[in-house]
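Chains as they are written, first to last, in this note's numbering: chain U, 1 to 249; chain C, 1001 to 1249.
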DNA sequence: TAGTTTTTGATTGATTATGATTGACTTTTG
DNA sequence: CAAAAGTCAATCATAATCAATCAAAAACTA
């Protein structure tokens, strides 16, 4: 196998899952650990990824520096599990709204081969969605640089055209008193409206979001089903009991 | 086997698989290793592929430098000059529509520091536009994977909300009889509508587009001003005479 | 046709990529 | 905290691939 071919595989895998273990790459490429290590070295050198203990991950945008390396990878793993569970709720023929944000982004690889229609305001999502041949619509409106999300009055109006079977939201805070909250009021409006346009409503939240309160509230706790790691585990246990195949990578 | 025939085979194989081993090409063409090596040398010289240890691969678009003195880079250079000229027509306070496509994409760096508003259906454009702090709106609608453009009825409807001072279009064909043409009817509709919503209308066309006719016509020649390399040169001469600083990198 | 240039294929030693191994280091586990 | 497991960078031998060279074959020229 040629070097650029392996690099391609590595980059694509990271793009899909945000992180990848070295052993996973060894399996996928058939190359030795040494070779993969060298590849990762090169790719890090050229700034295309970031090495972490045990593998590699997406290069983080400068803003969100991880305070502790270990915590981040655990966090990532939790996100991945939540995302996989969320995706398993999606059925063929569904029309979805998928919110901008990293947790919802992680869902996309698990939606592969599902016959669905997706509407999103997350510009980063589009690459992966269309790569998986998923019928994708993007909201029109103001492009927010920092979060790569589409927001604003136009987006809100544009959103009203659609009706969803399910919607999947990210959140910055989950709290008993203040419900689901997020920093940007503009993004909150989008979330709020999308929730109201959808039959089933899911909010994805890893443990770091609990008892956090952010600036703008976009829903009460009872307005949406919350998907957490604990729920995912219950789900898996159920599946193991009933002998249904678990939808995980 | 003739030389151009082998080159054809090589290029097609690379296009298909992104990378190709030398031995694979030896098998496919029946020529010797040495000959294939020489072919690869030539093709790399003319900028049509990138040699790697063990074979060859696609030339990366993003990371690779556009090296000087190649045929390909001449095309690039022409595009760049056209783009620079087009951007120089933009004034502070303008509201622009910028079409999806590589030539219009090249305009964006020259728009830096201009106080403008940009609407586009080109998803690739968004990164650069927002990076340069340009106020950017994206059309909403169906996301076309291949060209990374937003198209469809929704996009068309969304587009109607806006009014532009200037619009900049790409094209696949320019012909006296058939005007401006492009392969995808959906994209043509977008172009057509955007043209009608704009006070000034510009179509960017490098020399390879002349006397080409594509599937769908989106405008007559007299419906838009066409920006070509020849015009750019006149523009530069004028600027030199009048001692105005030329807007080039 | 004979002479010239171009293209091709085989051979060479040099260069590069690879996989296994090692001991050092890090993280997890009890 | 200490043992165990996992991961790391460094090193080395091997195998694959390379550029350079030269002679034979083919194409071209006069």
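Note that the Cβ used here is the ideal one computed from N, Cα and C, for glycine as well.
Residues of chain C with a CB under 8 Å from the CB of residue 141(U): which are they?
-> Ordered by position in chain C, the residues that pass the 8 Å Cβ test against residue 141(U) are 1137, 1138, 1140.
Residues near residue 1158(C) by beta carbon distance below 8 Å, same chain, minus five either side = The answer, listed in chain order, is 1139, 1140, 1141.
Kindly say whether residue 1155(C), judged by its beta-carbon, lies nearer than 9 Å to any beta-carbon of chain U.
-> Answer yes: the Cβ-Cβ gap between residue 1155(C) and chain U drops below 9 Å somewhere.
Taking only beta carbons into account, state which residues of the segment 1153-1178 of chain C come closer than 8 Å to chain U, listed in chain order.
-> 1154, 1155, 1158, 1161
Thinking just about the alpha-carbon of each residue, which of 1052(C), 1043(C), 1045(C), 1169(C) is nearest to the one in residue 1021(C)?
-> 1052(C)
Does residue 1150(C) have its Cβ less than 9 Å from a Cβ in chain U?
-> At least one CB atom of chain U sits nearer than 9 Å to the CB of residue 1150(C).
6 Å CB neighbourhood of residue 1169(C) in its chain, flanking five on each side removed | 1099, 1191, 1203
Residue 5(U) classed as buried or exposed, judged by whether at least 16 other C-beta atoms fall within 10 angstroms = buried
Integer-rounded CB distance, given that residue 29(U) should sit under 8 Å from residue 250(U) = Within the shown structure, residues of chain U are numbered from 1 to 249, placing residue 250(U) beyond reach of any answer.
Step through the CB atoms of chain C and report whether any lies within less than 9 Å of the CB of residue 28(U).
-> Proximity of residue 28(U) to chain C, defined by a Cβ-Cβ separation below 9 Å, is not satisfied.
Rounded C-alpha distance that separates residue 18(U) from residue 122(U) | Looking at the two C-alpha atoms, the distance is approximately 16 Å.
Min CB distance residue 109(U) to chain C below 9 Å = no
Do you know offhand how far residue 1178(C)'s Cα is from residue 1209(C)'s?
-> 13 Å
Spatial distance of residue 1072(C) from residue 1108(C) (CA atoms) = In this predicted model, residue 1072(C) has a pLDDT of only 40, less than 50, meaning its place in the structure is not dependable enough to derive any value.
Output, in chain order, the set of chain U residues within a Cβ distance shorter than 7 Å of residue 1189(C).
-> In chain order: nothing, as chain U lies at least about 15 Å away.
Can you name the start and end residues of the alpha helix (DSSP H) that residue 41(U) belongs to?
-> 33-45
Ends of the beta strand (DSSP E) at residue 182(U)?
-> 179-182 is the extent of the beta strand (DSSP E) around residue 182(U).
With DSSP collapsed to three states, give me the class of residue 105(U).
-> helix
Could you give the distance in angstroms between the alpha-carbon of residue 164(U) and the alpha-carbon of residue 40(U)?
-> When the Cα atoms are used, residue 164(U) and residue 40(U) turn out to be separated by approximately 41 Å.
Measuring CA to CA, which of 1044(C), 1151(C), 1104(C) is closest to residue 1128(C)?
-> 1104(C)
In chain C, which residues lie less than 8 Å from residue 5(U) when you measure between Cβ atoms?
-> 1018, 1019, 1057
For residue 61(U), decide whether its Cβ has a neighbour in chain C, counting only Cβ atoms nearer than 9 Å.
-> Since pLDDT at residue 61(U) reaches only 41, below the 50 mark, its modelled position is unreliable, and the value read off the structure follows with that caveat. No, no contact with chain C.
Nearest to residue 1211(C) (by Cα), restricted to the options 1184(C), 1180(C), 1185(C), 1195(C) = 1180(C)
Rounded to a whole number of angstroms, what is the C-alpha to C-alpha distance between residue 95(U) and residue 116(U)?
-> Each residue's Cα considered, the two are about 6 Å apart.
Where do the ends of the alpha helix (DSSP H) carrying residue 1190(C) lie?
-> 1185-1196
Given residue 172(U), which residues of its chain have a CB within under 7 Å of its CB, disregarding the five upstream and five downstream residues?
-> 181, 182, 183, 209, 212, 214
Rounded separation between residue 1167(C) and residue 147(U) - CA only = 27 Å
Members of the segment 1044-1055 of chain C near chain U, C-beta cut-off 7 Å = 1052, 1053, 1054, 1055
Contact list for residue 196(U) against chain C, beta-carbon separation under 7 Å | Residues of chain C whose Cβ lies closer than 7 Å to the Cβ of residue 196(U) do not exist; the shortest such Cβ separation is about 18 Å.
What distance in whole Å lies between the Cβ atoms of residue 38(U) and residue 44(U), which are believed to be in contact at a cut-off of 8 Å?
-> Their Cβ separation, rounded to whole angstroms, is 11 Å, which puts residue 44(U) and residue 38(U) out of contact at 8 Å.
For the segment 108-130 of chain U, which residues have a beta carbon sitting closer than 7 Å to at least one beta carbon of chain C?
-> Hits within the stretch, in order: 123, 126, 130.
Proximity of residue 201(U) and residue 219(U) at Cβ, strictly below 9 Å = Yes, these two residues count as a Cβ contact at 9 Å.
Taking the C-alpha atoms as reference points, what is the distance between residue 134(U) and residue 1002(C)?
-> Computed Cα separation, rounded: 43 Å.
Cβ atoms of residue 227(U) and residue 85(U): under 9 Å apart, would you say?
-> Yes, they are a contact pair.
Supposed contact pair residue 119(U) and residue 1136(C) - C-beta distance, whole angstroms, cut 8 Å = With 8 Å as the limit, residue 1136(C) and residue 119(U) do not qualify as a contact, their Cβ atoms being about 20 Å apart.
Would you say residue 1199(C) reaches chain U, if we count a Cβ-Cβ gap shorter than 9 Å as a contact?
-> no
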